[in-house]
Amino acid sequence: MSGGPAYADAGPASLAPGTAELRSVAGRAILLARAGDGQYHAVQPECSHACLALAGGRVRGSSIVCPHHGARFCLRTGRVLGPPAIAPIAAFPTRLSGDRVEVWLL
Ligand code: FES
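Take 28 as the starting number for the sequence shown in our numbering and just add one per residue.
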């Protein structure tokens with residue numbers, strides 16, 4: 028290994044479509060979500076509105092709705108799709124490796 032950036036293991040590809048859960052990836056908390064179309068996405072676990080946890084938010088299609096004040100973010104890009112958030116959240120590339128999900132932590 029070069030020690031440079033690389034895909035890191037994010038655990039088993041065990042999520043049902045339309046769900047999300049906190050995972051630890053290389054010692055860092057990320058929110059792993061599986062969109063309605065079956066694609067896996069990884070985003071920062073805090074909402075950009077009031078820095079509260081996105082975990083527990085509903086996955087709708089390829090977006091997640093913050094459980095606190097209802098901001099909606101695109102799981103693919105992290106951009107804001109609905110208020111009250113203004114700033115995007117970080118979104119990380121994912122890929123499947125066998126029955127595991129891997130995340131590229133930027
Ligand atoms: S903390 Fe997420 S919408 Fe307010």
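In this text, a Cβ means the ideal position worked out from N, Cα and C, and glycines have one as well.
Practice item. Go through the residues and name those whose CB comes closer than 5 angstroms to any heavy atom of ligand 1, in chain order. Key: Result (chain order): 74, 76, 77, 79, 93, 95, 96, 98.
Exercise for review: Would you list the one or two residues that DSSP bridges to residue 47?
Suggested key: Paired residue(s): 60.
**Study point:** Run of the beta strand (DSSP E) containing residue 91, from where it starts to where it stops
**Key:** Counting along the chain, the beta strand (DSSP E) containing residue 91 begins and ends at 90 to 92.
**Study point:** Separation of residue 117 from residue 50, as counted between CA atoms
**Key:** Computed Cα separation, rounded: 15 angstroms.
Check your understanding: Below 8 angstroms between beta carbons: does that hold for residue 32 and residue 131?
Key -> Their beta carbons are under 8 angstroms apart, which means residue 32 touches residue 131 by this criterion.
Review point. When we look at the beta-carbon of residue 28 and count the other beta-carbons within 10 Å, is it buried (16 or more) or exposed?
Key: For residue 28, the pLDDT reaches just 48, beneath the cut-off of 50, and the residue's location in the model is therefore unreliable, although a value from the coordinates is still provided. Within a 10 Å sphere around the beta-carbon of residue 28 sit fewer than 16 other beta-carbons, which makes this residue exposed.
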